[in-house]
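Below is one structure, written out as C-alpha cells; the observations come after it.
There are 4 protein chains.
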Amino acid sequence: MSQLDVVLLGHTPDPEKAVAMAARLCYSDAGIGELLDQLDQAEVTRLVRSLRDMGHLSPLEHASFSFGISGVSRALSHQLVRHRIASFSQKSQRYVSESRFDFVVPSSISRNAEALRLFIGGMREIQGWYNAMVDLGIPKEDARYVLPNACTTQLVCTFNARSLLNFFTLRCCSRAQSEIRELARRMLGLVKAVAPAVFEKAGPPCVSEGRCREGRMSCGGFGGPLDGADEPGMHNGPGS
Amino acid sequence: MSQLDVVLLGHTPDPEKAVAMAARLCYSDAGIGELLDQLDQAEVTRLVRSLRDMGHLSPLEHASFSFGISGVSRALSHQLVRHRIASFSQKSQRYVSESRFDFVVPSSISRNAEALRLFIGGMREIQGWYNAMVDLGIPKEDARYVLPNACTTQLVCTFNARSLLNFFTLRCCSRAQSEIRELARRMLGLVKAVAPAVFEKAGPPCVSEGRCREGRMSCGGFGGPLDGADEPGMHNGPGS
Amino acid sequence: MSQLDVVLLGHTPDPEKAVAMAARLCYSDAGIGELLDQLDQAEVTRLVRSLRDMGHLSPLEHASFSFGISGVSRALSHQLVRHRIASFSQKSQRYVSESRFDFVVPSSISRNAEALRLFIGGMREIQGWYNAMVDLGIPKEDARYVLPNACTTQLVCTFNARSLLNFFTLRCCSRAQSEIRELARRMLGLVKAVAPAVFEKAGPPCVSEGRCREGRMSCGGFGGPLDGADEPGMHNGPGS
Amino acid sequence: MSQLDVVLLGHTPDPEKAVAMAARLCYSDAGIGELLDQLDQAEVTRLVRSLRDMGHLSPLEHASFSFGISGVSRALSHQLVRHRIASFSQKSQRYVSESRFDFVVPSSISRNAEALRLFIGGMREIQGWYNAMVDLGIPKEDARYVLPNACTTQLVCTFNARSLLNFFTLRCCSRAQSEIRELARRMLGLVKAVAPAVFEKAGPPCVSEGRCREGRMSCGGFGGPLDGADEPGMHNGPGS
Numbered sequence: 002m003s004q005l006d007v008v009l010l011g012h013t014p015d016p017e018k019a020v021a022m023a024a025r026l027c028y029s030d031a032g033i034g035e036l037l038d039q040l041d042q043a044e045v046t047r048l049v050r051s052l053r054d055m056g057h058l059s060p061l062e063h064a065s066f067s068f069g070i071s072g073v074s075r076a077l078s079h080q081l082v083r084h085r086i087a088s089f090s091q092k093s094q095r096y097v098s099e100s101r102f103d104f105v106v107p108s109s110i111s112r113n114a115e116a117l118r119l120f121i122g123g124m125r126e127i128q129g130w131y132n133a134m135v136d137l138g139i140p141k142e143d144a145r146y147v148l149p150n151a152c153t154t155q156l157v158c159t160f161n162a163r164s165l166l167n168f169f170t171l172r173c174c175s176r177a178q179s180e181i182r183e184l185a186r187r188m189l190g191l192v193k194a195v196a197p198a199v200f201e202k203a204g205p206p207c208v209s210e211g212r213c214r215e216g217r218m219s220c221g222g223f224g225g226p227l228d229g230a231d232e233p234g235m236h237n238g239p240g241s
Numbered sequence: 002m003s004q005l006d007v008v009l010l011g012h013t014p015d016p017e018k019a020v021a022m023a024a025r026l027c028y029s030d031a032g033i034g035e036l037l038d039q040l041d042q043a044e045v046t047r048l049v050r051s052l053r054d055m056g057h058l059s060p061l062e063h064a065s066f067s068f069g070i071s072g073v074s075r076a077l078s079h080q081l082v083r084h085r086i087a088s089f090s091q092k093s094q095r096y097v098s099e100s101r102f103d104f105v106v107p108s109s110i111s112r113n114a115e116a117l118r119l120f121i122g123g124m125r126e127i128q129g130w131y132n133a134m135v136d137l138g139i140p141k142e143d144a145r146y147v148l149p150n151a152c153t154t155q156l157v158c159t160f161n162a163r164s165l166l167n168f169f170t171l172r173c174c175s176r177a178q179s180e181i182r183e184l185a186r187r188m189l190g191l192v193k194a195v196a197p198a199v200f201e202k203a204g205p206p207c208v209s210e211g212r213c214r215e216g217r218m219s220c221g222g223f224g225g226p227l228d229g230a231d232e233p234g235m236h237n238g239p240g241s
Numbered sequence: 002m003s004q005l006d007v008v009l010l011g012h013t014p015d016p017e018k019a020v021a022m023a024a025r026l027c028y029s030d031a032g033i034g035e036l037l038d039q040l041d042q043a044e045v046t047r048l049v050r051s052l053r054d055m056g057h058l059s060p061l062e063h064a065s066f067s068f069g070i071s072g073v074s075r076a077l078s079h080q081l082v083r084h085r086i087a088s089f090s091q092k093s094q095r096y097v098s099e100s101r102f103d104f105v106v107p108s109s110i111s112r113n114a115e116a117l118r119l120f121i122g123g124m125r126e127i128q129g130w131y132n133a134m135v136d137l138g139i140p141k142e143d144a145r146y147v148l149p150n151a152c153t154t155q156l157v158c159t160f161n162a163r164s165l166l167n168f169f170t171l172r173c174c175s176r177a178q179s180e181i182r183e184l185a186r187r188m189l190g191l192v193k194a195v196a197p198a199v200f201e202k203a204g205p206p207c208v209s210e211g212r213c214r215e216g217r218m219s220c221g222g223f224g225g226p227l228d229g230a231d232e233p234g235m236h237n238g239p240g241s
Numbered sequence: 002m003s004q005l006d007v008v009l010l011g012h013t014p015d016p017e018k019a020v021a022m023a024a025r026l027c028y029s030d031a032g033i034g035e036l037l038d039q040l041d042q043a044e045v046t047r048l049v050r051s052l053r054d055m056g057h058l059s060p061l062e063h064a065s066f067s068f069g070i071s072g073v074s075r076a077l078s079h080q081l082v083r084h085r086i087a088s089f090s091q092k093s094q095r096y097v098s099e100s101r102f103d104f105v106v107p108s109s110i111s112r113n114a115e116a117l118r119l120f121i122g123g124m125r126e127i128q129g130w131y132n133a134m135v136d137l138g139i140p141k142e143d144a145r146y147v148l149p150n151a152c153t154t155q156l157v158c159t160f161n162a163r164s165l166l167n168f169f170t171l172r173c174c175s176r177a178q179s180e181i182r183e184l185a186r187r188m189l190g191l192v193k194a195v196a197p198a199v200f201e202k203a204g205p206p207c208v209s210e211g212r213c214r215e216g217r218m219s220c221g222g223f224g225g226p227l228d229g230a231d232e233p234g235m236h237n238g239p240g241s
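Here's what the structure looks like:
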C-alpha cells in the first residue's frame with residue numbers, strides 16, 4: 002500500500018519578483034534594470050495581489066514550478082495529464098517492469114473491512130497474472146493491460162503559476178476526486194511557501210472568488226466531506 | 002472482447018482550400034474574396050504540398066478534424082491525452098458504472114492460448130470484485146481503482162491538421178505501442194480521404210522524411226513487426 | 002482610409018451538436034451513434050447552456066470557427082496574435098509591397114479636424130518615404146520600419162469556441178482598445194448566428210457573469226463610452 | 002537610435018539536471034531521490050545529448066528561461082509574440098507615453114546615407130505629429146497609430162527549452178528577418194552558457210540537422226549574408 006509523496010524539485014528563483022517586474026514593465030517607461038532596483042518585497046507583494054485580484058494573470062506565467070510526485074495511482078495520473086498547459090514526464094509501464102507493483106487504496110475502501118479484503122486480495126491475484134504472462138513471453142507493454150488503475154506511478158511535472166492557479170481551482174474543489182484533491186492540497190502547500198501572495202487565495206471558486214457555479218450540488222466546502230461524490234450530475238474538470 | 006472503432010464525426014468544410022487560402026494570403030496583395038476565387042483544386046493541391054514539404058505548417062492549423070473513438074483501452078487513452086494540442090471529451094469512470102465493462106485484448110495475448118485463458122479469467126474476476134465493492138457501498142469513483150488498463154473507454158477528440166501530422170509521426174511508428182498505432186493508422190485513413198494532399202506523406206519520419214532518429218534500434222519499418230517492443234531503451238513519445 | 006471587414010470563412014458543421022454530443026458522452030453508457038441519434042435541437046440547446054453556465058467549457062473546444070479579417074491596423078493585429086489558443090495567417094510586410102498602403106483612422110482622430118489633418122498628411126508623407134527607400138534599394142522588410150501602426154493588414158484566424166469566449170470576455174469590454182473591440186463585436190455577431198446558445202451571454206464579465214474585477218475603474222458598460230481610456234492604471238488584456 | 006539589449010533574468014536552477022532527471026524517471030524503477038543522487042554532471046550531459054539527438058524533447062520542457070529584452074522594434078515584437086508556447090509581458094503603447102520614442106534603424110538603411118537621412122528625418126516628423134495629436138487631446142492609445150514599426154519596445158519573455166530550440170531553428174536561420182535573427186543569436190549565447198548540452202547544436206536545420214527544407218532558395222548558411230531577403234517566395238516562420 003502506497004503513500005502519496007510530492008516534493009518541489011525546483012522553481013523560478015524569486016518567483017514573485019519575476020512576476021512583479023514583468024507586470025510593472027507593461028506600464029512603465031523605466032528600463033529593466035531600474036525596474037528590478039525599484040521593487041522591494043512590500044511592493045512585490047502589493048503588485049502580485051493586485052494582479053491576482055483583477056484577474057490580470059499573464060505575468061504569473063513567468064514563474065514556474067517543478068514537482069516530483071510518487072505513490073499516486075494511474076487513475077490520478079490519467080486525470081493529471083489532462084492539464085495541457087503543463088509538462089509531464091511519467092514512469093513508463095511499457096519499459097519498466099511491474100513485477101512488484103505497489104498500489105493506492107482509496108480511503109472509502111480502507112475504511113470498509115470487507116471491501117479492503119477484496120481489494121488487497123485482488124491486487125495480489127493481479128500481480129500473479131501479470132508475472133505469469135511475462136513468464137509466458139508476453140511483452141511488458143501488453144501484460145500491463147491486466148494491471149489496475151490503483152497501480153502506482155511516478156511523475157515529474159512543471160506548471161507555471163497561472164496554470165497552477167487553474168489546477169487548484171479545479172482540483173482543490175470538494176467535487177474533485179479525493180486522491181487528486183489530496184495531491185493538489187499538498188502541491189498548494191509547497192508553492193504557498195515560496196510564493197505566498199500568488200497562492201494565498203488559491204483553491205476552488207468558493208474560496209478564491211466567494212462563489213460556486215456548480216449550482217445543482219451541495220458540498221461541504223473546501224476540504225469538506227465528499228458527500229455528493231456518487232451524484233450522477235456534472236462536476237468540475239473532465240474527471241475521466 | 003472489444004473492437005476498436007473510429008469515425009470522423011466532422012471536419013472543417015473543404016479543409017485543403019481553407020489551408021491554401023490562408024497560406025496564399027500571407028504573400029499576396031489580393032483581398033480574401035479574390036483569393037478564394039483564384040484557388041482551383043489543382044492550385045490548392047500544389048500549395049498544400051509545397052507547405053508540407055517546406056515545413057511551413059502553420060496554415061494547416063486552420064483545418065480541424067473531430068473523431069469518435071470507442072473500443073479502446075484506458076492504456077491507450079492515457080497515451081492519447083498526452084497530446085496537448087488537441088481537445089478531448091472522455092467517458093468518465095467516476096460517473097458511469099462499469100458493472101459490465103468491456104476490455105481490449107492485446108494481440109500478443111490473443112495469440113497465446115495460455116496467456117489468453119489467464120487474461121480472460123482475470124477480467125471476469127475483476128468484474129466480480131468491482132461489482133461486490135459497489136454493492137458494499139464503495140462509490141464508483143473508488144471501486145474503479147480495481148479496474149484494469151484493458152477496460153474500454155470512448156472519447157471524442159479534435160485535432161487540427163498540424164497537430165495530427167505530429168500525432169501520426171509519433172504514433173504510426175512501429176516503435177509505438179500496437180493499440181495506439183492501429184488507432185493512428187485508422188485515423189490517418191479517415192483524414193486522407195478528405196485531405197489527401199495534407200496527409201499523403203503522413204507517418205513516421207522514415208516515411209515522411211526518409212530518415213529515423215531512433216538510431217539505436219532496428220525495426221521492421223512502417224507497419225512492420227514490433228520485434229523490438231520489449232527493448233529497454235528509449236522510444237518515441239512518452240509511452241506512459 | 003480603410004474599413005474593417007470580417008467574414009466567417011468556415012466552421013465546424015453543426016457546432017452546437019458537436020459540443021453537446023461530446024459533453025453527453027462523458028456521462029453516458031451509450032455508444033457514439035446512439036448519442037447522436039438522441040440529441041434533438043432542444044436538448045442540444047439545453048446541454049450547451051448548462052455547460053456554459055457551470056463553466057464546464059472543455060466540450061466547447063470541439064467547435065472551431067475561421068474568420069477572414071481585413072481593413073484592420075497592425076496595432077490591432079499585434080494585440081490579436083497575443084491570443085495563443087488560436088491560429089493565425091497574416092499578410093507579410095516582408096514579402097508584400099506596401100507601395101500603396103491603406104490605413105485605419107481611430108475615431109477620436111476622425112472626430113478632431115486638426116488631428117485628422119495632421120494624421121492624413123502624415124500617412125502621405127510616410128508613403129513617400131517608404132517608396133523612396135525602396136527606390137534606393139532598401140529591401141521591403143527594412144523599408145517597412147517607417148510604416149505606421151495604422152497601416153492595414155489582413156489575416157485569417159481560427160479559434161475554438163472556448164478560446165473565443167475568452168476573447169470576447171477580454172476584447173468586448175469597454176476597457177479594450179476601440180478598434181479591437183469593434184472587431185470582437187463583429188465576430189461575436191457572426192458566431193452568434195451559427196451557435197446561439199454557446200455565445201448568447203458572451204462578452205465582458207459584467208455581461209456574462211454580472212460582475213467586474215476592474216474595481217478601480219468606472220466605465221460606461223458594454224458598448225459604452227471609453228471615458229477611462231486614458232487612465233494610467235491597469236486594464237484587461239496585455240494591451241500592447 | 003536604439004541598441005538591442007537582452008539579459009537572462011532567471012532560469013530553472015540546474016536546468017540540465019532537471020531535464021536529465023525527468024528523462025531518467027520515465028525508464029527507471031528508482032525513486033526520485035535516488036535518481037537525483039545517481040546523476041553526476043557527465044551522466045547529465047550524456048543523457049541530455051541523447052534526448053536531443055533522438056528528438057525525445059518533452060523532458061526539455063522542465064527547464065525554462067526568462068529574458069529581459071529592450072531596444073527592439075515593434076516590427077520585431079510582432080514576430081516574437083507569434084511564438085505561442087511562451088509567455089510575454091510587453092510595454093504598452095496604450096498606457097505609456099511615446100513623447101520621446103526611440104527607434105531601431107535596420108542595417109540596410111544605416112549603410113545607405115540617403116535612406117538614412119530620409120529615415121531619421123521621418124522619425125523626427127512622426128514624433129512631432131504624435132506630440133501634436135496628444136496636445137490636441139487625442140488619447141495615447143489612438144495617437145500611437147502614427148508611430149512607426151521602428152519604434153522601440155521592451156518585453157519580458159519566458160520560454161521552456163523545447164520551445165526555445167524551435168525558436169532558434171526558425172529565427173537563427175539566415176532567411177529570418179535580420180533584427181530578430183540578431184536577437185535569437187544573442188539569446189542562444191545566453192542560454193548556451195547555462196545549458197550547453199541542450200543548446201550546443203541549436204540553430205537552423207542546416208546546423209542542427211545538416212539539412213534545409215527551403216529547397217527553392219540559396220543562402221549563405223548560418224550567419225551568412227541575407228542575399229535572398231527580398232525574394233518573393235516563401236520562407237520560414239510567419240514573418241508578419
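Protein chains in written order, with this note's numbering: chain C, 2 to 241; chain W, 2 to 241; chain S, 2 to 241; chain D, 2 to 241.
Here a beta-carbon is modelled for each residue, glycine too, at the ideal position from N, C-alpha and C.
- Buried is the label assigned to Gln128(C), since at least 16 other Cβ atoms lie within 10 Å of its Cβ.
- Taking a C-beta cut-off of 9 Å against chain C, the contacting residues of the region 46 to 60 of chain S are Ser51, Leu52, Asp54, Met55, Gly56, His57 and Ser59, listed in chain order.
- With a contact defined as Cβ atoms closer than 8 Å, Val147(S) and Phe66(S) miss out at about 36 Å.
- If you look at Ser71(C), you'll find it isn't in any alpha helix (DSSP H); it sits in the beta strand (DSSP E) that goes Ser65 to Ser74.
- With the criterion set as a beta carbon lying under 9 Å from some beta carbon of chain W, the members of the region 138 to 149 of chain C are Gly138, Ile139, Pro140, Lys141, Glu142, Asp143, Ala144, Arg145, Tyr146, Val147, Leu148 and Pro149, in sequence order.
- Cβ-Cβ separation between Met124(S) and Ala151(S): approximately 7 Å, consistent with a contact (criterion under 8 Å).
- Contacts with chain W (Cβ-Cβ distance below 8 Å) from the region 16 to 28 of chain S involve Ala19, Met22, Ala23, Ala24, Leu26, Cys27 and Tyr28, listed in chain order.
- Taking a cut-off of 8 Å for Cβ pairs, the region 91 to 109 of chain S and the region 176 to 190 of chain S touch, as three or more such pairs fall below it.
- Annotated three-state conformation of Asp6(S) is strand, per DSSP.
- Inclusion of Ser88(W) and Ser59(S) in the CB contact set at 8 Å is warranted, their separation being smaller than that value.
- Inclusion of Val20(D) and His84(D) in the CB contact set at 8 Å is not warranted, their separation being larger than that value.
- Using a CB distance cut-off of 8 Å, Pro205(W) does not count as an interface residue toward chain C.
- The shortest C-alpha to C-alpha distance from Pro197(S) to any of Val45(S), Ile70(S) and Asp30(S) is the one to Val45(S).
- When the Cα atoms are used, Leu119(D) and Asp15(W) turn out to be separated by approximately 48 Å.
- When the beta-carbon positions are compared, Leu166(W) and Ile70(W) stay at least 8 Å from each other.
- Counting every other CB atom within 10 Å of its CB across the protein chains shown gives Ser100(C) a total below 16, marking it as exposed.
- Cys152(S) has Phe104(S) as its beta-bridge partners, per DSSP.
- When 7 Å is used as the limit between beta carbons, Ser109(S) is near these residues of chain D: Ile139, Pro140 and Asp143, in chain order.
- When secondary structure is reduced to three states using DSSP, Thr13(S) falls in the coil class, being assigned neither helix nor strand.
- Counted as a single uninterrupted DSSP element, the beta strand (DSSP E) harbouring Gln91(S) occupies residues Ser88 to Gln91.
- With respect to the 8 Å criterion, Ala185(S) and Arg176(S) are not classified as neighbours on the basis of their beta carbons.
- Contact annotation for Leu119(W) against chain C: Trp130, Ala133 and Met134 [CB-CB distance below 7 Å, chain order].
- Using a CB distance below 7 Å, the part of the region 63 to 86 of chain S facing chain W consists of His63, Ser65, Ser67, Gly69 and Ser71, ordered along the chain.
- Around Val8(S), the same chain offers Gly69 as residues with beta carbons nearer than 6 Å, after the five sequence neighbours per side are excluded.
- Relative to the Cα of Gln91(D), the nearest Cα in the group Ser51(D), Val199(D) and Thr153(D) belongs to Thr153(D).
- One finds Asp54, Met55 and Gly56 in chain C with Cβ atoms closer than 8 Å to the Cβ of Arg214(S), taken in chain order.
- For Asp54(D), the closest of Pro206(D), Arg214(D), Glu215(D) and Tyr131(D) by C-alpha to C-alpha distance is Pro206(D).
- According to DSSP, Cys158(D) shares a beta bridge with Phe68(D) and Phe89(D).
- Phe200(S) and His57(S) have their C-alpha atoms some 14 Å from each other.
- In the DSSP assignment, Arg182(D) falls within the alpha helix (DSSP H) that extends over Ser179 to Val195.
- In the DSSP assignment, Ile33(D) falls within the unbroken alpha helix (DSSP H) covering Ile33 to Gln39.
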